[in-house]
Each structure stands twice: as C-alpha cells, then as structure tokens.
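For reference, the structure is listed below as structure tokens.
Chains as they are written, first to last, in full-length UniProt numbering: chain A, 1 to 138; chain B, 1 to 355.
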C-alpha cells in the first residue's frame with residue numbers, strides 16, 4: 001500500500017508553564033525542532049498545568065518539552081504529570097524539561113517520570129538526538 | 001491487508017467519548033498507520049450529524065482568534081466543538097510549527113473544545129488530505145460543530161470546499177489589492193465573507209468592495225450555471241437584496257454570499273456570524289443542497305481513493321518490470337517512447353477490467 005505510505009512524524013509540544021515570561025529559549029527550540037523535521041506545537045506563554053495537559057492529550061504528542069525558568073518546576077511538573085496520567089497519556093509521552101534546574105531537583109523530576117532535563121548551554125543537537133532516539137512510537 | 005490491526009477497541013473508546021482515543025485515532029489517520037482505512041470505515045456510520053464550517057483567509061487575518069471566539073459562543077449554548085487547524089509544513093524538512101493553539105484562550109481547560117493542530121504534510125493546498133478523515137473522527141465522537149481552519153493562500157486553497165458544508169473567508173480591511181489578487185480563487189468559495197478587524201480604518205471600503213465583487217460574481221456564476229452557490233438573492237437576507245435574473249426553473253431560494261463584520265479579539269460580531277452560518281446551514285438543508293454536496297464530496301472521495309489505489313497498483317507493477325528508471329533509459333535510447341511504455345504497463349490491467 002505505497003499510496004498509504006506511513007507518514008510518521010514526531011510531534012512535540014513546546015510548553016511554557018507558569019509565570020515566567022521568557023520564551024526566547026522556547027522559540028529557539030521550537031524552530032530547531034521544526035528544522036529537524038518535527039511537528040511542533042507551541043503553547044504560548046503563561047500556561048497553567050491543566051492547559052498543557054489538555055494540549056498534550058488532544059494533540060497526541062510523542063514529546064512534551066516543558067520550559068521553566070522560574071524555579072517553580074517542583075510544583076508545576078508534578079501537576080502536569082498527574083494530569084497526563086488522568087487521561088492515560090503519561091505512559092507514551094516523552095517528557096523533557098528545559099531550563100534552570102538544580103541537580104537535586106533533577107533527580108526528583110526524573111523519579112517522577114521526566115525523561116531528561118536539559119540545562120542552559122545544552123547543544124541543540126543533543127536535545128534533538130535525544131528526542132529522535134526516545135520519542136515513543138505512535 | 002492481513003495482519004493489520006482492526007482497532008476495534010480504539011473505535012469503541014472513541015465512541016464512548018474518550019479524548020485520548022479520539023486524539024490517537026486522528027494520529028493514526030495523519031500517519032496513514034496500518035489499518036487506518038479500516039478505522040475510518042468503522043467510524044463512517046457514526047458520522048453525519050455535525051455541522052462542518054471551514055474558515056480560511058490570508059495569514060494574519062485573525063482566523064484563530066475568531067475560531068476561538070466562535071467555539072466559545074457555541075460552548076455557551078451548550079454545544080460541543082471540534083477544531084482542526086491546518087498549518088503549512090516545510091517543504092524541505094517536513095517540519096512545522098503549529099501555532100494556532102496559542103489563540104484558543106477562551107476555551108482553555110475546556111475539554112469539550114477539542115482542538116487539534118494538523119500539518120499540511122506536504123500537500124500544496126494547505127489542507128492535508130487527512131483532514132476529511134479527521135473531521136469524520138470528530139463527527140463520530142459526537143461534536144456538534146466542527147471548525148476547520150486553514151491558511152488561504154490562493155487558488156489551491158479551495159480544497160476546503162471538499163470538507164466543509166459552509167465556508168467562511170476572512171478578509172482583513174485594507175486588503176483591496178489582495179482582493180483583486182484573490183478574486184479568481186479563494187473568494188469564489190465563500191458562503192460568508194468575514195471582514196475581521198472591522199474596527200480598523202478601511203473596513204467600510206473593504207465591505208463595499210466585497211459587495212461589488214459578490215454582485216459581479218453573481219453575474220458570472222449565473223451565466224455559467226454551475227449550481228455552486230447559485231445566483232441571486234436569498235429570501236430574507238440578501239445583503240443588498242439585488243436580485244439576479246437567473247431563472248432556469250430554479251424556484252428554490254438562492255444563497256448570496258453574506259458579508260459579516262467582526263472584531264474577533266473583542267468577540268464583536270461573532271453572534272451575527274454564527275447566526276449567518278446557521279442560516280446557511282438551514283438553506284443547505286431546505287434546498288436539498290446539503291445532501292447534494294455530501295454526495296458530491298463522497299463521490300470525489302471515492303475517486304481520490306481509487307486514484308491512489310490504482311497509482312499504488314501501477315507502482316508495484318512498474319517495480320515488478322524493473323523500475324521506472326529502466327523504462328526511462330529505454331525511452332532515452334529511443335528504443336521505445338513514453339506512450340508505448342504506458343500502453344505496455346496498463347495493457348494487462350485493461351484486459352482484466354474488460355473481462
């Protein structure tokens with residue numbers, strides 16, 4: 001069935017959650033993902049965890065990249081993860097966090113189910129490669 | 001076809017109203033995942049109840065904002081809404097940034113507005129071929145209203161007619177020259193024109209220009225008698241009430257494209273727009289056009305599917321005979337010519353059909 005050739009595409013939600021208003025990083029990553037051939041849904045600024053969950057579920061993204069610079073990751077990320085679980089979307093979503101996260105918190109986030117935390121200065125290639133290798137199949 | 005998953009459980013979950021299942025079905029449709037055809041087949045009998053509205057217009061016309069406000073309006077009336085927003089994809093990498101979701105501020109946290117971004121995935125018209133099937137999924141899920149939002153870049157955008165019952169085209173003020181430019185394509189498909197950002201200078205002029213254009217177009221379509229959009233004024237709501245003398249025994253009322261002014265960011269004019277869309281839906285229903293349009297759409301869908309399938313058959317056959325490159329080489333060396341090659345390959349198929 002070659003006319004029905006599968007067109008798997010990696011879909012990523014790039015989400016800004018919480019109150020911080022700096023989205024330069026999110027824009028850069030969105031653009032880099034696009035150039036890597038991914039389909040990127042950008043959430044815009046100031047999203048509540050609920051909104052992120054809604055978007056991730058409806059868009060059926062393989063990858064959820066949460067960008068947080070405000071330091072509120074310990075409060076916000078668990079809420080998002082709980083929300084994903086509620087809609088059976090946790091198991092097959094690769095959750096990434098980007099931003100400024102202390103090492104102790106990193107371990108905690110990973111325990112919760114975050115696949116990887118990318119701090120400042122991470123080469124774009126590294127993130128893209130990680131997504132390519134770990135994005136769950138649809 | 002053997003070994004393909006039949007997705008019975010997924011269909012069940014979708015029909016039971018599980019959002020995750022709906023989302024996954026649309027993904028399978030987009031990906032042309034194994035068994036997706038079967039999936040859509042199973043959904044088909046559950047479709048046909050939703051009102052499908054297409055919204056198109058040039059980039060920056062305010063489509064997303066308007067869609068957001070419309071969805072909000074429908075929700076306040078207790079209706080459920082599905083939105084499909086199609087954005088272009090990069091021809092080089094296939095990647096895309098799907099940014100329309102950002103504007104859905106009025107419906108945040110409301111799961112009964114199911115918003116799905118779709119990439120055009122390489123199709124020129126900006127309307128992914130999977131969109132029609134995704135609409136079916138939303139319809140089967142039980143959405144009352146389905147809004148399809150796509151960028152209207154010109155003539156190829158008229159694809160949206162193939163998925164929507166009613167088409168609204170957004171025209172921002174001051175796009176006089178654009179109006180000229182677009183005349184031949186996108187404007188012909190409008191059942192409703194929306195002059196969004198009507199608070200800006202030049203809105204009145206744009207409305208005026210559209211009005212003139214609608215009347216010119218009426219004359220054109222009347223002489224062509226295409227049946228699409230008919231001609232002449234409607235019973236109650238002809239914008240100017242200027243009637244066309246188009247009398248080929250069509251005693252039913254006609255639909256003259258309406259012009260509605262909105263300021264989407266403030267929600268102004270949304271009620272009137274929704275009412276106008278409803279009027280058009282009523283008109284389609286009453287005139288029997290709704291059924292006729294659906295029939296035409298299905299015919300087209302069947303044709304497309306068959307064309308795809310035949311294309312696949314041919315690809316396989318060409319491969320079996322050594323590949324297209326080999327044929328091209330023979331043509332290059334003047335051993336044969338393209339017509340003979342085509343005859344040679346299609347011949348056996350023709351024989352099969354003749355029998």
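Ideal Cβ positions, reconstructed from N, Cα and C, are used throughout, including at glycine.
How should residue i be labelled, buried or exposed, when 16 other C-beta atoms within 10 angstroms of its C-beta is the threshold for buried?
i                      : result
residue 103 of chain B : buried
residue 216 of chain B : exposed
residue 149 of chain B : buried
residue 232 of chain B : Here residue 232 of chain B scores only 40 on pLDDT, less than 50, and its place in the model should not be relied on; the value that follows carries that caveat. The residue is buried, with at least 16 neighbouring Cβ atoms inside 10 Å.
residue 57 of chain B  : buried
residue 307 of chain B : exposed
residue 340 of chain B : exposed
residue 320 of chain B : exposed
residue 120 of chain A : exposed
residue 196 of chain B : buried
residue 109 of chain A : buried
residue 101 of chain B : buried
residue 55 of chain A  : buried
residue 134 of chain A : exposed
residue 31 of chain B  : buried
residue 280 of chain B : buried
residue 316 of chain B : exposed
residue 227 of chain B : Confidence in residue 227 of chain B is poor, its pLDDT being 45 and thus under 50, which makes the residue's placement too unreliable to answer from.
residue 289 of chain B : buried
residue 42 of chain B  : buried
residue 27 of chain B  : buried
residue 212 of chain B : exposed
residue 363 of chain B : Residue 363 of chain B lies beyond the residue range present for chain B, which begins at 1 and ends at 355; the question has no answer from this structure.
residue 338 of chain B : exposed
residue 254 of chain B : buried
residue 7 of chain B   : buried
residue 356 of chain B : As shown, chain B starts at 1 and ends at 355. That puts residue 356 of chain B outside it, with no answer to give.
residue 203 of chain B : buried
residue 311 of chain B : exposed
residue 334 of chain B : exposed
residue 62 of chain B  : buried
Taking 8 angstroms as the threshold (C-beta atoms), are residue j and residue i in contact?
i                      : j                      : result
residue 48 of chain A  : residue 93 of chain B  : no
residue 61 of chain A  : residue 96 of chain A  : no
residue 58 of chain A  : residue 116 of chain B : yes
residue 96 of chain B  : residue 39 of chain A  : yes
residue 53 of chain B  : residue 349 of chain B : no
residue 34 of chain B  : residue 5 of chain B   : yes
residue 81 of chain B  : residue 143 of chain B : yes
residue 271 of chain B : residue 36 of chain B  : no
residue 187 of chain B : residue 169 of chain B : yes
residue 86 of chain A  : residue 109 of chain B : no
residue 87 of chain B  : residue 78 of chain B  : no
residue 113 of chain A : residue 67 of chain A  : no
residue 145 of chain B : residue 297 of chain B : no
residue 105 of chain B : residue 68 of chain B  : yes
residue 173 of chain B : residue 133 of chain B : no
residue 194 of chain B : residue 260 of chain B : yes
residue 71 of chain A  : residue 14 of chain A  : no
residue 30 of chain A  : residue 42 of chain A  : yes
residue 76 of chain A  : residue 18 of chain A  : yes
residue 7 of chain A   : residue 205 of chain B : no
residue 90 of chain B  : residue 34 of chain A  : yes
residue 160 of chain B : residue 167 of chain B : yes
Per DSSP, residue i forms a beta bridge with which residues?
i                      : result
residue 42 of chain A  : A/14
residue 117 of chain B : B/85
residue 345 of chain B : Partner(s): none; residue 345 of chain B has no beta bridge.
residue 258 of chain B : B/192
residue 148 of chain B : B/54, B/84
residue 166 of chain B : B/53
residue 268 of chain B : B/263
Verify the CB distance criterion: does residue i have a CB-CB separation below 8 angstroms to chain D?
i                      : result
residue 320 of chain B : The question asks about chain D, but that chain is absent: this structure's protein chains are A and B.
Does the beta carbon of residue i fall short of 7 angstroms from some heavy atom of the ligand SAH?
i                     : result
residue 75 of chain A : Ligands in the displayed structure: none, and consequently the ligand SAH is not present.
> For the region 30 to 47 of chain A, which residues have a beta carbon sitting closer than 9 angstroms to at least one beta carbon of chain B?
Replying inline: 30, 31, 33, 34, 35, 36, 37, 38, 39, 40, 41, 42, 43, 44, 45, 47
> Which residues, in order along the region 64 to 79 of chain B, keep a beta-carbon less than 8 angstroms from a beta-carbon of chain A?
Replying inline: none
>> Residues of the region 95 to 122 of chain B in Cβ contact with chain A at a cutoff of 7 angstroms, in chain order, please.
In response: 95, 96, 97, 98, 99, 101, 102, 108, 109, 111, 114, 115, 116, 117, 119, 121
>> Give me the subset of the region 29 to 63 of chain B whose CB atoms are less than 9 angstroms from a CB atom of chain A, sorted by chain position.
In response: 30, 31, 32, 33, 34, 36, 37
> What runs of the beta strand (DSSP E), each 3 residues or longer, lie entirely inside the UniProt domain "B12-binding" (9 to 138) of chain A?
Replying inline: 11 to 16, 39 to 42, 63 to 68, 94 to 99, 116 to 118
> Can you give, in chain order, each stretch of the beta strand (DSSP E) that sits fully within the region 270 to 337 of chain B and has at least 3 residues?
Replying inline: none
>> Output needed in chain order: residues of the region 320 to 350 of chain B with a Cβ under 7 angstroms from some Cβ in chain A.
In response: none
>> If we require 3 or more residues per run, which beta strand (DSSP E) segments fall completely within the region 1 to 73 of chain B?
In response: Runs of the beta strand (DSSP E) inside the region 1 to 73 of chain B: 51 to 57.
>> By the 8 angstroms beta-carbon criterion, what residues does the region 59 to 76 of chain A contribute toward chain B?
In response: 59, 60
>> Residues of the region 83 to 106 of chain A in Cβ contact with chain B at a cutoff of 8 angstroms, in chain order, please.
In response: 87, 88, 89
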